[in-house]
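Anchor point for the sequence shown: position 5 equals 120 in our numbering, and the numbering is continuous, going up by one each time. Read the structure below first, then the notes.
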Amino acid sequence: MIKTKILTVLACVAGLSACGDIETGVPFQGLPSDKSVDRGVNAHHLSTLQAGIWVDPNGCDHWIIDDGVEGYLSARLDKYGKPVCSGVAPPTHTVGDFKGGSNIPDPN
Numbered sequence: 116m117i118k119t120k121i122l123t124v125l126a127c128v129a130g131l132s133a134c135g136d137i138e139t140g141v142p143f144q145g146l147p148s149d150k151s152v153d154r155g156v157n158a159h160h161l162s163t164l165q166a167g168i169w170v171d172p173n174g175c176d177h178w179i180i181d182d183g184v185e186g187y188l189s190a191r192l193d194k195y196g197k198p199v200c201s202g203v204a205p206p207t208h209t210v211g212d213f214k215g216g217s218n219i220p221d222p223n
């Protein structure tokens with residue numbers, strides 16, 4: 116019984132450790148915490164991709180980018196940090212070429 120609890124706790128700790136940022140440099144050889152760069156198959160800075168807008172069920176806008184392998188989404192905020200709800204599209208729809216800027220084809 117105690118071994119089962121210990122193994123469960125160790126599994127949880129190992130799983131949660133994957134959620135943290137890993138810094139590079141000696142002695143660390145992990146991935147950098149800079150989230151503005153895609154380090155996948157076609158590594159590039161995310162600013163080179165085209166963003167579109169996805170409207171959530173509440174009618175508020177979110178920036179959306181799809182590079183064919185991964186997707187990126189963040190809330191669209193005004194200069195005061197409030198959500199932008201522009202009405203650019205009906206809820207749960209997208210506008211813009213959010214799949215542009217990547218050479219990886221996306222079948223959807």
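Glycine included, C-beta positions come from ideal geometry on N, C-alpha and C.
With 16 other Cβ atoms within 10 Å as the buried cut-off, status of residue i
i	result
Asp136	Reliability of the predicted coordinates at Asp136 is poor, the pLDDT of 48 falling under 50, and no value is obtained from them.
Asp176	buried
Ile117	exposed
Ala158	exposed
Coil, strand or helix - residue i by DSSP
i	result
Leu161	helix
Val124	helix
Short Cβ contact (8 Å threshold) for residue i with residue j
i	j	result
Pro206	Pro172	yes
Val152	Leu164	no
Trp169	Thr209	yes
According to DSSP, residues forming a beta bridge with residue i
i	result
Val170	Asp176
Beta-carbon separation (whole angstroms), residue i vs residue j, contact threshold 8 Å
i	j	result
Ile179	Gly167	5 Å
Val184	Arg191	With a Cβ gap of about 23 Å, Val184 and Arg191 do not count as contacting.
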